[in-house]
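Position 58 of the sequence shown, counting from 1, maps to 58 under the numbering used here, and the rest follow consecutively.
In this text, a Cβ means the ideal position worked out from N, Cα and C, and glycines have one as well.
The structure presented is a predicted model; accordingly, all values stated were derived computationally and were not measured.
Take a look at the structure set out below.
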Amino acid sequence: MNIATFLCTALSLSESSIQKVIELLDEGATIPFIARYRKEATGGLDEVTVAAIAEGLEKRRDFEKRKEFILKT
Numbered sequence: 001m002n003i004a005t006f007l008c009t010a011l012s013l014s015e016s017s018i019q020k021v022i023e024l025l026d027e028g029a030t031i032p033f034i035a036r037y038r039k040e041a042t043g044g045l046d047e048v049t050v051a052a053i054a055e056g057l058e059k060r061r062d063f064e065k066r067k068e069f070i071l072k073t
């Protein structure tokens with residue numbers, strides 16, 4: 001399952017908004033920057049929601065890394 005799809009289901013948000021937040025985070029944008037200056041790209045998500053997406057993204061990526069490590073060993 002795609003990370004954006006997973007977060008879409010978990011947070012009940014649109015997948016396109018989540019995907020855009022993920023792209024901005026991967027480019028190095030900070031949570032306050034995204035919430036204040038990229039509202040048009042994220043569909044008006046506030047700082048709390050962007051932080052929840054960032055946290056979910058980090059947890060999911062850590063989970064995937066751990067899963068990969070366990071399967072290798």
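- The residues Ala-4, Thr-5 and Cys-8, in chain order, have a CB closer than 7 Å to that of Glu-15 in the same chain once the five nearest residues on each side in sequence are set aside.
- Annotated three-state conformation of Arg-38 is coil, per DSSP.
- Only residues of its own chain outside the window of five on either side were considered, and among them Ala-4 have a CB closer than 7 Å to the CB of Gln-19, listed in chain order.
- With contacts defined as CB atoms closer than 8 Å, Ala-51 and Ile-31 qualify as a contacting pair.
- The distance from the Cβ of Leu-45 to that of Ala-35 is about 7 Å, consistent with a contact at the 8 Å cut-off.
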